[in-house]
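Below is one structure, written out as structure tokens, with a few remarks after it.
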Amino acid sequence: MFELTLQAVFSGLLSGAFYALIALGLALVFGTMKVINLAHGELILLAAYVAYTLESVAGWSPLASLPVALVVVGICAAGVYFLISRIKRDRELNSLILTFGLAIIITNGILMIWSADVRSTGGDWAHGAFVLGDSLFAMNAELLAAGVSVVLVVLLYLWLNHSWYGRAIRAVSSSSEAAKLMGVNPRQLELLSFIIAGVLATFAGVALYSAQTIAPELGHNLTITAFIITVLAGMGSISEVLVGGLLIGVIEALTVTYFSSSLRELSGFVLFLAVLLVLPSGLSGLKMKTRKAGPTGVSPGSSEKPARQKQLQHD
Amino acid sequence: MTNSKMNNRILVAAVLITTYVLVPLLFGGNSYLLGVVVSAFTIAGIAVAWALLGNLGGMISFGHAAFFGIGAYTSSLLAMRFGVSPLLGLLLGGLGAVVASLAMLPVLRLRGPYFALAILAYAEIFRILAVELKSITGGAGGLLSIPGLPTVAGFDLNTKLGGYFTIVTIVAVSVLVYYLIRRSTYGLALRAMHDSENATRVLGVPATRLKALMLIVSAFITGVVGAFNAHFINFLEPNYAFAGTWTILPIVAAIFGGYRTLTGPVAGALVIYLMDQLLFKSLIPQGHQLILGGLLVAMILFAPDGLVGVLLRKVKGGGDHATT
Amino acid sequence: MLQLENISVEFGGVRALHDVTLTANTGETLGLVGPNGAGKTTLFNVISGVVKPSGGRMMFKGHAVSGAQHTRARLGIGRTFQVPQPLHELTVRENLIVAQRFGSGRPADPTRIDLVLEAVNLTKRQHADAATELTLTERKALEVAKALATEPKLLMLDEVFAGLETHGKRLFMESLVRIRNQFHLTMIVIEHDIETIRSLCDRVAVLNFGELLAEGSADDVFNHPEVIRSYTGESKT
Amino acid sequence: MFKQLLLKATVVAALACMSATALAEEKTIKIGSQVPLTGGLARVGLDFLEGIQVAVKQANDDNEGQYQFELLTIDDETAPAKAVAAVEKLASQGVVALTGGYGSNIVGPASGAAHELGIPYITSGGMAVGLTQRGFKNFFRLSNLEGYSKAMAGLAKMVDADKVSIVYNNVESTTDLAEALERALDKAGIESVIHSYDGSTGNFTPLVNRIRLQDRPDVIAMVGYENDYIAILRAAKILKPDIKAIVGGWSLATAQMNSEFNDVVQGVAGTSMLPYPVHFSGGEAQRFAETFTELHDKTPDYIAQFSYVQTKLLIEAILRADKAGEITGESIAREMHKTDSETLIGRVTFDENGDNPHFANHIGQHQGDKVELVWPESAATAQMVLPGRPW
């Protein structure tokens, strides 16, 4: 029994870290511009397919394909921002529908280019076994993905809090006036955060390709997972994204181990709703909306209005 | 003013005659084409419900599949287990969806994207439950040979043509309800709430209660449409009943037609679905939804008011959402 | 009509109102003065339910009042906002229809609305779009009209005269007096201009740093040493 | 004079005969086929169609000059509503019978619509038990879940397992097969534990570990789709549960899996009618393979084989119906019910519900670059390699 739980928690933590990697880009963009990019999952998938193409055509290992994927996905991410920046009114909702449309386009584009077949890396190392004290098991790729995720979370956190650009981005997220005072052009910063989101998506995509199998319709699930975790973390708070991801991962693994594998998704959604309703500002809310956690958490109760007026929304 | 009212009357009459007389006369014989038209109107029904919630309630939903599926299952199970007449089942299906929407009331206080995706979560949860609660729903196996619509006054509704008249009527009534709500004082208050929610509250408008009302109405319409579809296709299965298509297509349709207008969603649904089935499908056999995505993006960027919105502004400078 | 007992409000540790006890008697017009940030508008927010007080209680027509914002209008508490908030997407008349229907809880009543339109002389502009087509004076008029349409017993005016040129201001004041007498209103008026206060109000209360500084007839109050001291910093008068 | 008359008469008669034959020759018969060419089942759908085309071509070659069979095909997009629309369109184009349909949730409504229109419908792509419990007289099915579950249970018995863990995707068809397998194992006196998972599952380590530590089975049976199989097998390769064999339902013991995921599927078993690479014996099988290669220049897999057989039987029934009188929905259905023939997939008859009681699938095992048939002995092309697992 104990061994069972131990392994469940272990693989839960691993997939959780990977979930965090999936969510990171979405969280960043939301923190900066209050825009939820519903095409985020599709960008991740795109990176995965780039890796697949390079492997099947040129025989490159997934890691080697990173630079190419970075360029492709980076450009796409910039494109997404370009379109969003063209929205005339009510950006918060219209961007939702816009990126929704983009998601449909990318999914079907992938379907047309790469067909519906299931793809996966042929690299032996990726699926090799990593055994810890002959009681904990994992795929090398899983470990690598988790490691990369943690590193990227830390880097992003440091960047947001200690680099000039990072602080500028946080300024934009609180108010674009503040940014203007800092003498930075908010549009530039929004573009920057979108490109960084693209970079994060690329890492997630390559990790996905080397650890699991990919198929065109996968993007939707990725986006949902990313959004769930972003909400769990408390919109826009970076360090909590990791915590949120791990939480989901472990809960899912335990659900599979002690209840049924087909209730795995359910546990995620229920947790998601519970947090939205009970803890509107996510995990960061537990720490009284601490501001040092990257861009200020925007609570779902009210998107524009200051926290104080939030109570007005429910009567 | 009265003149334009007159014109509107003529327009409405023309539309009704076309749908109830011309279309059946022209395509009545071609059960394939009629089938496609029925599917188009099914989407139109959901699109109207979705737009009602979006326009009056100011809430974008990504989970109308939930109401569609619940409506479908409620009516089908009542018909198969307890022999309830499918015609009555349509309304009960609507009620089922309303009950489901009551479970969603807590998320009403969420705004914008949060609400949209919270509703999506509900849809997913209902889907999973439909799979897991085997004893009630028949599980993943779904329900085969669901009874069709009955014969009313000597006219057999359990035919392509009967189905056509049923769904057209459902859609027409839904649009009427939408129209009546919008021109009532409730409609005024709801429209005002978009940009000045606080100001309306101070004037005594129970904002959240009105939103809840809109959610319930929207759920009811969608549930009825779902129930109709189940009795029309005579088949149900969780992944079909709660499929994302029941959310995606109506959104595309409503946005394309103009979700702030009354007739936009219906027009959008007909144009989009018929084009998709009769044109795009032959152009791109695999992945023709790509064009739909493209249309959605283009509309948001270049014509947020949608097709009807644009036409309106062409007709009478300054598209006011109040009429048509 | 209205009694406030030891009302306190805090925003994240910052004290906006402290222990304010104040009464507005039926039929009288109470002036509310004080330097900016003294807590005048916050007091209105408390009375109209926009802000929940952290302490104290409020009686209206003899009953303790608490609960949701939209229920206050039904009780007969009407207010204006310092920055006019017309209902978007609606015409002037539609603005008043909403206010009257939901504020009074009775079915729409055209005569009442015509009456209000007349009172603030917006009759000619009733079909204009409230959010986009009104001048500043008209916006202020509409702001008052909305509050009136809810059929209030207590009307709270938040600097409705600010920014109006002297002539328009006089006309507006006259129509207000007319309205007050026509609808037998109890009023609380936030105003900086002492002259306006003198001519409009029966009684004046002075707030400073969230505390009630003085209360009484305009003359007593404005000769009150502390009040003068608190105002010498301010050059508003 | 009289002679002349006689002559005339004979001539007239001759002419009459000739014209009669002239009328009789080149009778065109339309057959409809509703298959998924896009959407989730696109690939199997295509294989399926290719088999059908082979059967039609052969029929046209054999009946040169007398009958001309015309195949009308519509893509159902793997969507029930579209499938119904497709059937109606085909009916409006005057097809006498329908062959095709893949996926129970699509075959269900499609065959329902065909039943309404009185058009016979034959498939081998719909496994759901419910399909043959609707009392349709004009619905026919070549293969059924029992055929698959029998085979999988047969393998478990062959490696004399005491306990089997069944892992299945919780969508319709896979759920049905998993439950059928549970029944078959129970009948064979083998204990079984059953685990369902949802299609979006990417990481199977916890589930496989649960099986390894709690169930401790001799055989793991998987019922899902390609991506599930790969993910489960990879998790299993990590955890290395001590089992005798791991067997999968459909689309596991296929050429594609063997070539694309060779290392992952080594030693894994799955239902399959054909070995890979296919080596056909017997006239009919050879002819099928040749025609198939001629048409699609590649070697057929078992899916095409099914659709070929079902279409062949349908055409034979249509011909019999025509000989017996006129071609109607009823007459074709009547002749179908009389069917009793040895085919590529074994003996075929149809019971009153249109099900084929003789159907039993085979089990193939990935061995190196080959898929060898290992069960039943009658069909076996090689010995089962034990333990049958990729680790």
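Chains as they are written, first to last, in the working numbering: chain B, 1 to 315; chain X, 1001 to 1324; chain S, 2001 to 2237; chain C, 3001 to 3391.
Every residue, glycine too, gets a C-beta built ideally from N, C-alpha and C.
Here the structure is a predicted model, which is why all the values come from computation and not from measurement.
Which of the three DSSP states, helix, strand or coil, is assigned to residue i?
| i | result |
| --- | --- |
| B/Leu247 | helix |
| C/Ser3111 | helix |
| X/Glu1124 | helix |
| C/Lys3244 | coil |
| S/Gly2031 | strand |
| X/Ile1119 | helix |
| B/Lys289 | Note that B/Lys289 scores 40 on pLDDT, short of 50, meaning its location in the model is unreliable; the coordinates nonetheless yield the value given after this. Reduced to three states, the DSSP call for B/Lys289 is coil. |
| B/Ile44 | helix |
| C/Trp3250 | coil |
| B/Ala253 | helix |
| S/His2192 | coil |
| S/His2224 | coil |
| B/Gly109 | helix |
| C/Glu3391 | In the sequence as presented, Glu is not what sits at residue 3391 of chain C; that position holds Trp. If DSSP states are grouped into helix, strand and coil, C/Trp3391 belongs with coil. |
| C/Gln3066 | coil |
Compare the C-beta of residue i with all C-beta atoms of chain B and state if any pair is closer than 8 Å.
| i | result |
| --- | --- |
| C/Asp3198 | yes |
| C/Asn3227 | yes |
| X/Gly1138 | no |
| X/Gly1301 | Note that residue 1301 of chain X is Leu in the sequence shown, not Gly. Taking Cβ atoms only, chain B reaches closer than 8 Å to X/Leu1301, which makes this a yes. |
| X/Leu1117 | yes |
Can you check whether the C-beta of residue i is within less than 8 Å of a C-beta belonging to chain X?
| i | result |
| --- | --- |
| B/Ser267 | no |
| S/His2070 | yes |
| S/Leu2142 | no |
| S/His2127 | no |
| S/Leu1960 | Nothing in the structure corresponds to residue 1960 of chain S, since chain S is present only between 2001 and 2237. |
| C/Asn3138 | no |
Looking at the C-beta of residue i, does it have a partner C-beta in chain C at a distance below 8 Å?
| i | result |
| --- | --- |
| B/Phe137 | yes |
| B/Asp134 | no |
| B/Lys292 | With a pLDDT of 35 at B/Lys292, under the threshold of 50, the modelled position of this residue cannot be trusted; read the value that follows with caution. B/Lys292 does not count as touching chain C. |
Could you tell me the boundaries of the alpha helix (DSSP H) in which residue i lies?
| i | result |
| --- | --- |
| S/Asn2169 | Checking the sequence shown, residue 2169 of chain S turns out to be Lys, not Asn. That run of the alpha helix (DSSP H) goes 2166 to 2183. |
| C/Arg3141 | Here C/Arg3141 belongs to no alpha helix (DSSP H); instead the beta strand (DSSP E) covers 3139 to 3141. |
| C/Tyr3225 | C/Tyr3225 -> no alpha helix (DSSP H), and no H or E assigned at all. |
| S/His2070 | 2069 to 2075 |
| C/Met3273 | Per DSSP, C/Met3273 belongs to no alpha helix (DSSP H) and is neither H nor E. |
Let's see if you can read the secondary structure: which residues bound the beta strand (DSSP E) around residue i?
| i | result |
| --- | --- |
| X/Gly1257 | X/Gly1257 -> not in any beta strand (DSSP E); alpha helix (DSSP H) instead, spanning 1245 to 1257. |
| S/Arg2057 | 2055 to 2060 |
| B/Leu136 | 136 to 139 |
| S/Asp2019 | 2014 to 2024 |
Would residue i count as contacting chain S if we go by Cβ distances under 8 Å?
| i | result |
| --- | --- |
| X/Ala1189 | yes |
| X/Gly1319 | At X/Gly1319, the pLDDT of 40 sits below 50, so the modelled position is not reliable; the number obtained from the coordinates is stated separately. Chain S contact via Cβ: absent. |
| X/Ala1192 | yes |
Below 8 Å on the Cβ atoms is my guess for residue i versus residue j; work out the distance and round it to an integer in Å.
| i | j | result |
| --- | --- | --- |
| B/Leu246 | B/Gly16 | 4 Å |
| S/Ala2147 | S/Leu2155 | 6 Å |
| C/Asn3105 | X/Tyr1240 | 7 Å |
Tell me whether residue i counts as near the ligand HEM, meaning its Cβ is closer than 7 Å to at least one heavy atom of that ligand.
| i | result |
| --- | --- |
| X/Leu1053 | This structure lacks the ligand HEM, and indeed carries no ligand of any kind. |
Positions along the stretch 3041 to 3075 of chain C whose CB lies within less than 7 Å of some CB in chain B: Ala3042, Arg3043
Members of the stretch 1224 to 1236 of chain X near chain C, C-beta cut-off 7 Å: Ile1233, Asn1234, Phe1235
Of the residues that make up the stretch 1281 to 1299 of chain X, which ones have a beta carbon closer than 9 Å to any beta carbon in chain B? Ile1284, Gln1286, Gly1287, His1288, Gln1289, Leu1290, Ile1291, Leu1292, Gly1293, Gly1294, Leu1295, Leu1296, Val1297, Ala1298, Met1299
Closer than 8 Å between beta carbons: that is the criterion. Which residues of the stretch 1196 to 1207 of chain X meet it against chain S? Ser1196, Asn1198, Ala1199, Thr1200, Arg1201, Val1202, Leu1203, Gly1204, Val1205, Pro1206, Ala1207
Got a sec: which bits of the stretch 200 to 213 of chain B sit with their beta carbon under 9 Å from any beta carbon on chain C, in order along the chain? Cβ contacts with chain C: Leu208, Ala211, Gln212, Thr213.
The stretch 1103 to 1115 of chain X: positions lying closer than 9 Å to chain B by Cβ: Pro1106, Val1107, Leu1108, Arg1109, Leu1110, Arg1111, Gly1112, Pro1113, Tyr1114, Phe1115
Just by C-beta distance, which residues in the stretch 24 to 57 of chain B are closer than 9 Å to chain C? none
Residues in the stretch 246 to 266 of chain B having any Cβ partner in chain X nearer than 9 Å: Ser260, Ser262, Leu263, Glu265, Leu266
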